[in-house]
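So the protein sequences, as listed, match chains W and Z.
In my numbering, each residue's number is its place in the first sequence (first place is 1) plus 624.
In my numbering, each residue's number is its place in the second sequence (first place is 1) plus 13.
Working notes for the structure below.
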Amino acid sequence: MPPIFNEPFLAALLTGAIISALPLILAGLGEQMSERAGVMNIGLEGMMMAGALAGFAATLAGLGVWGGMLAGGLVGAAVSVIMVLFCVRQGMNQIIVGIAITLGATGVTSLMHNAWYSRTYPRLDAAEKIALPGLSQIPVLGPGLFTHHPATWAGLFVALVFAFVYRQTFLGLNLASAGEKPDALDAAGIDVTRTRSVAVMVAGAMAGLGGAYMAVIGSGIFVPHMTGGAGYIAIVLAMLARDRPLWVVGGALLFGFCLSATTALQVGGIEVPTDFIQMLPFLAVMAVLVLFGRNARLPRALGQPYHRGQR
Amino acid sequence: MTAAPSPVVSLREVTKRFPGVIANDRVSLDFFPGEVHALLGENGAGKSTLISMLAGVQRPDEGEIAVDGAAVAIASPRHALSLGIGTVYQHRMLVPTLTVAENLMLGAPWWRRPALGGVRARFREAAAAFGVSVDPDARVENLSLGEQQQVEIIRALWRGGRLLVLDEPTAMLSPKGVEELGAMMGRMKALGIGIVFITHHLTEALDFGDRVSVLRGGRSVGGIAPETLTALPRADAMAEVVRLMFGTGLASAEAAEGGAHVPRALPNTKMLEVVGLSGRSPRSGSSFEDVSFHVRKGEIFGIAGVDGNGQTPLAEALAGQIAATGSVVLDGRELGPANVALRYQLGLRYATDDRNGEGMVGKLPISTNMVLKEIGAAPFWRRGIERRAAIDAHASALFAAHDVRAPGIHTPVGRLSGGNIQKVLLARELSGSPKVIVYSKPTHGLDLRNIEATRRRIRETAEAGVATVLISTDLGEVLALSDRIGVMVRGRLVGIVENGPEARLEVGRLMAGITEREAA
Numbered sequence: 625m626p627p628i629f630n631e632p633f634l635a636a637l638l639t640g641a642i643i644s645a646l647p648l649i650l651a652g653l654g655e656q657m658s659e660r661a662g663v664m665n666i667g668l669e670g671m672m673m674a675g676a677l678a679g680f681a682a683t684l685a686g687l688g689v690w691g692g693m694l695a696g697g698l699v700g701a702a703v704s705v706i707m708v709l710f711c712v713r714q715g716m717n718q719i720i721v722g723i724a725i726t727l728g729a730t731g732v733t734s735l736m737h738n739a740w741y742s743r744t745y746p747r748l749d750a751a752e753k754i755a756l757p758g759l760s761q762i763p764v765l766g767p768g769l770f771t772h773h774p775a776t777w778a779g780l781f782v783a784l785v786f787a788f789v790y791r792q793t794f795l796g797l798n799l800a801s802a803g804e805k806p807d808a809l810d811a812a813g814i815d816v817t818r819t820r821s822v823a824v825m826v827a828g829a830m831a832g833l834g835g836a837y838m839a840v841i842g843s844g845i846f847v848p849h850m851t852g853g854a855g856y857i858a859i860v861l862a863m864l865a866r867d868r869p870l871w872v873v874g875g876a877l878l879f880g881f882c883l884s885a886t887t888a889l890q891v892g893g894i895e896v897p898t899d900f901i902q903m904l905p906f907l908a909v910m911a912v913l914v915l916f917g918r919n920a921r922l923p924r925a926l927g928q929p930y931h932r933g934q935r
Numbered sequence: 014m015t016a017a018p019s020p021v022v023s024l025r026e027v028t029k030r031f032p033g034v035i036a037n038d039r040v041s042l043d044f045f046p047g048e049v050h051a052l053l054g055e056n057g058a059g060k061s062t063l064i065s066m067l068a069g070v071q072r073p074d075e076g077e078i079a080v081d082g083a084a085v086a087i088a089s090p091r092h093a094l095s096l097g098i099g100t101v102y103q104h105r106m107l108v109p110t111l112t113v114a115e116n117l118m119l120g121a122p123w124w125r126r127p128a129l130g131g132v133r134a135r136f137r138e139a140a141a142a143f144g145v146s147v148d149p150d151a152r153v154e155n156l157s158l159g160e161q162q163q164v165e166i167i168r169a170l171w172r173g174g175r176l177l178v179l180d181e182p183t184a185m186l187s188p189k190g191v192e193e194l195g196a197m198m199g200r201m202k203a204l205g206i207g208i209v210f211i212t213h214h215l216t217e218a219l220d221f222g223d224r225v226s227v228l229r230g231g232r233s234v235g236g237i238a239p240e241t242l243t244a245l246p247r248a249d250a251m252a253e254v255v256r257l258m259f260g261t262g263l264a265s266a267e268a269a270e271g272g273a274h275v276p277r278a279l280p281n282t283k284m285l286e287v288v289g290l291s292g293r294s295p296r297s298g299s300s301f302e303d304v305s306f307h308v309r310k311g312e313i314f315g316i317a318g319v320d321g322n323g324q325t326p327l328a329e330a331l332a333g334q335i336a337a338t339g340s341v342v343l344d345g346r347e348l349g350p351a352n353v354a355l356r357y358q359l360g361l362r363y364a365t366d367d368r369n370g371e372g373m374v375g376k377l378p379i380s381t382n383m384v385l386k387e388i389g390a391a392p393f394w395r396r397g398i399e400r401r402a403a404i405d406a407h408a409s410a411l412f413a414a415h416d417v418r419a420p421g422i423h424t425p426v427g428r429l430s431g432g433n434i435q436k437v438l439l440a441r442e443l444s445g446s447p448k449v450i451v452y453s454k455p456t457h458g459l460d461l462r463n464i465e466a467t468r469r470r471i472r473e474t475a476e477a478g479v480a481t482v483l484i485s486t487d488l489g490e491v492l493a494l495s496d497r498i499g500v501m502v503r504g505r506l507v508g509i510v511e512n513g514p515e516a517r518l519e520v521g522r523l524m525a526g527i528t529e530r531e532a533a
């Protein structure tokens, strides 16, 4: 075993995996809800970026880690209102509006970074971690998996909440109906537009939370383009997981591990070109797509605006 | 039946206007409990508007709807349901990924947890009462269309419905599904539920209806009461209904079925000769083998057979859409591997049954669709540049000649009714100088008036000297129009019959004979 694979290295690798996975989990769960309700939210990346900046700014202003997370979620939801207005209400093309949101958010966040932080490059204090009693004593796994900021556990808990909502409540039935057969939902007396709007805003909030987690807890800094395609990976995860929130978690952990490995391997100074190592997560996406993608079945009304009386 | 029961729901002088049209003009109808009231009308006769008023989607401009004799303003679909009026539309309205029980529960407040147990039990009870066996925990997408319809009927009556409105209920059903629907309606009648059975099929109205009413041009033009209907011989009832539907334009039921075949003297010029043709559709996988026949100038050669026995790939091969081995000779010229455009130019035309798919581009205007098979060709294109004026002039002429009912030649084809799309398709395929035309199920999905118009068009073009191949699964149509009839079974042309009094028997024997031999 080469010397770099020692205990601290492996623990750091796992810690990194969780930290990289969490934004994907949050955003992926949000996207899953939006897609379930029939709205393809391509603007996820942009909402993450807006959330990252908002979270960073709020924490830097002294609102703390939780304040930063809250700000990220609110701003993410606010950005998703664009999607609600143009796509859900006006029936415009979801792909085009989504791309516009991502491009716009990239521009605005870069501009703000330039105005606010480009001279000082502020850095947040590391978010306080809590070690789960008992579990954190296990060698390697303890510090790697069970010593994290509580927001991390909250994120994993959301997946369980979503799973419950989908299976056990009328909200779950309404969301699925809005994505599969909106006319049937409308005929049953439920407002399709409102159902979809809620789903899109939840997706925005979740993406914003994911972005804020990245900036506030993950890295402690904000730089332009810092989401680096995580939003798109989250979209892929949501599509592959279909209606199962726990699959989003599993997929996100896999990609998180690959992302973490890229960093770890570079730091560890392994004799492989950096460019190749950085390809890892995306190769993993492709491999998963090839393996599981062919079975992906998307909601029938995904991407189709709903107008009463049209089919 | 006991003496004069009072109607569950009555329409009294109901009028509904839309910009430029009167959809319903002072319609008065009574719907009685325990009775199937067949409402018959062509496309555009005002049936859909009537349904949407009963279902609470639209409100009448004048007149009133009375439930149990008292006038009510039906405000919403929910209100209609609570009044006991349930509607089942032509298109399924169930969420395919949910179970039957979940679909029935849809519409409760979002925070509540679905109580599946009670719904299951109630569904089983209702299903038993109507003689239906559908598992409430089955996913809707795994049910047949007929079963889905049964679920929708149960849902329509879920809150104690007393009047069931069925919009074209047989349109998407298999023959077995139609039979089951009939049995289900029988049980519902016995439970005192009134049924409004909306259709444009005359035979269905007479098969299922206890009472028949006819809508024409938004008006209720009359009907046959139950007493009369049971007393009247079927042929007379049919003649009466046809008279009501079409006024005096069509004199008899036979005319509605396409008219009788009249033997004709034909020249002996072989316009199309097919020898040993075999091919396979890469899309559907169905194939045909070793098909040989010829069609003389002005002759109508019918091809009968149950759907899916290789007729479609044969037609596609003749049109040049799929590759085939064997020989096709058009007016003395071997076509070989000639493609669609060349065959079209040489005079071999194909009117597909897939009008909205491969026949037309729905988003493009009528004018462009009229020249769809001549894209890039003079005079409509010159050196790659489209010549609008030439296309429009050409399209306008065809538009008028084929009596297409549309706002203008720039209307997207997708907005037209099925009958008008068919007119545009035929206009395109018959323009210029066709020598041979292949029709695939030309009247499929059309209403009676358009069926009649299409058949007349087929006859006229044949009389003008066009050799015609008529592929149809409607044996009555083939017998009414063809001079000779070929029968296709499992991709093979198993026999050719001269049309005449014995033809129906002979064709039936050919269709069945092979099946028996294959079964043995």
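We put the beta carbon where it would ideally sit given N, CA and C, even for glycine.
Model, not experiment: these values are computed from the prediction.
For the candidate residues the options, whose alpha-carbon lies nearest to that of residue i?
{"i": "Z:Gln358", "options": "Z:Thr365, Z:Leu385, Z:Lys376, Z:Asp367", "result": "Z:Leu385"}
{"i": "W:Phe916", "options": "W:Leu646, W:Leu634, W:Trp871", "result": "W:Trp871"}
{"i": "W:Leu797", "options": "W:Ala911, W:Ala641, W:Met673, W:Asp867", "result": "W:Asp867"}
{"i": "W:Thr817", "options": "W:Thr683, W:Gly670, W:Gly662", "result": "W:Gly662"}
{"i": "Z:Ile313", "options": "Z:Phe45, Z:Ile450, Z:Ala79, Z:Arg175", "result": "Z:Ile450"}
{"i": "W:Ala702", "options": "W:Gly715, W:Gly670, W:Pro757", "result": "W:Gly670"}
{"i": "Z:Glu48", "options": "Z:His423, Z:Arg224, Z:Ile166", "result": "Z:Arg224"}
{"i": "Z:Leu311", "options": "Z:Met284, Z:Leu331, Z:Ser291, Z:Arg296", "result": "Note that residue 311 of chain Z is Gly in the sequence shown, not Leu. For the residues Z:Met284, Z:Leu331, Z:Ser291, Z:Arg296, the minimum Cα distance to Z:Gly311 belongs to Z:Met284."}
{"i": "W:Ala724", "options": "W:Met910, W:Phe781, W:Leu668, W:Asp815", "result": "W:Leu668"}
{"i": "Z:Ala68", "options": "Z:Ala36, Z:Val209, Z:Gly54", "result": "Z:Val209"}
{"i": "W:Val705", "options": "W:Ser658, W:Arg747, W:Ala751, W:Val689", "result": "W:Ser658"}
{"i": "Z:Val500", "options": "Z:Val255, Z:Trp171, Z:Gly318, Z:Asp416", "result": "Z:Gly318"}
Just to confirm before moving on: does the CB-CB distance between residue i and residue j stay below 8 Å?
{"i": "W:Ala678", "j": "W:Ala651", "result": "no"}
{"i": "W:Ile666", "j": "W:Thr776", "result": "no"}
{"i": "Z:Ser294", "j": "Z:Ile237", "result": "no"}
{"i": "Z:Ser446", "j": "Z:Gly360", "result": "yes"}
{"i": "W:Asp749", "j": "W:Arg932", "result": "no"}
{"i": "W:Ala831", "j": "W:Met672", "result": "yes"}
{"i": "Z:Asp43", "j": "Z:Ser23", "result": "yes"}
{"i": "Z:Ser409", "j": "Z:Thr325", "result": "no"}
{"i": "Z:Met197", "j": "Z:Gly144", "result": "yes"}
{"i": "Z:Val85", "j": "Z:Ile78", "result": "yes"}
{"i": "Z:Ala112", "j": "Z:Arg152", "result": "With the sequence shown as reference, residue 112 of chain Z is identified as Thr, and Ala is not the correct amino acid for it. Taking 8 Å as the Cβ cut-off, Z:Thr112 and Z:Arg152 qualify as a contacting pair."}
{"i": "Z:Met106", "j": "Z:Glu193", "result": "no"}
{"i": "Z:Pro149", "j": "Z:Arg168", "result": "no"}
Residues of chain Z with CB closer than 8 Å to the CB of residue i, please, in chain order.
{"i": "W:Ala787", "result": "Neighbours of W:Ala787 on chain Z: none; closest Cβ ~14 Å, over 8 Å."}
{"i": "W:Ala811", "result": "Pro90, Met106"}
Taking C-beta pairs closer than 9 Å, name the residues in chain W that residue i reaches, listed in chain order.
{"i": "Z:Leu107", "result": "Lys805, Ala808"}
{"i": "Z:Trp394", "result": "By Cβ distance, chain W contributes nothing, its closest Cβ being about 31 Å from Z:Trp394, past 9 Å."}
Give me the chain W residues within the contact set of residue i, using Cβ-Cβ distance strictly less than 7 Å, ordered along the chain.
{"i": "Z:Glu115", "result": "Leu797"}
{"i": "Z:Phe120", "result": "Note on residue identity: the sequence assigns Gly, not Phe, to residue 120 of chain Z. Near Z:Gly120 (Cβ distances below 7 Å), the residues of chain W are Ala812, Gly813, Ile814."}
{"i": "Z:Trp171", "result": "Ordered by position in chain W, no residue passes the 7 Å Cβ test against Z:Trp171, which lies about 11 Å from the chain."}
First and last residue of the beta strand (DSSP E) that includes residue i?
{"i": "Z:Ile211", "result": "207–212"}
{"i": "W:Leu684", "result": "Element bounds for W:Leu684: n/a, residue is neither H nor E."}
{"i": "Z:His307", "result": "300–309"}
Can you tell me where the alpha helix (DSSP H) holding residue i begins and where it ends?
{"i": "Z:Asn433", "result": "431–443"}
{"i": "W:Tyr856", "result": "854–865"}
{"i": "W:Ser658", "result": "631–660"}
List the residues of chain W that residue i touches, going by C-beta distances under 8 Å, in chain order.
{"i": "Z:Leu111", "result": "Leu797, Ala800, Ser801, Glu804"}
Mind pulling the chain Z residues with CB within less than 7 Å of residue i?
{"i": "W:Phe710", "result": "Here the premise fails: no neighbours, minimum Cβ distance about 22 Å."}
{"i": "W:Gln792", "result": "Arg126"}
Looking at the ligand MG, does it come within less than 7 Å of residue i, judged from the CB to the closest heavy atom?
{"i": "W:Ala682", "result": "This structure simply doesn't include the ligand MG, nor any ligand for that matter."}
Mind pulling the chain Z residues with CB within less than 9 Å of residue i?
{"i": "W:Arg924", "result": "Pro109, Thr110"}
- Task: Could I get the ranges of all uninterrupted beta strand (DSSP E) runs contained in the region 137–187 of chain Z, with 3 residues as the minimum, in chain order?
- Result: 176–180
- Message: In chain order, what are the residue ranges of uninterrupted beta strand (DSSP E) at least 3 long that sit wholly in the region 757–815 of chain W?
- Response: none
- Kindly provide the ranges of any alpha helix (DSSP H) runs that are 4 or more residues long and lie completely inside the region 464–496 of chain Z, ordered along the chain. 488–494
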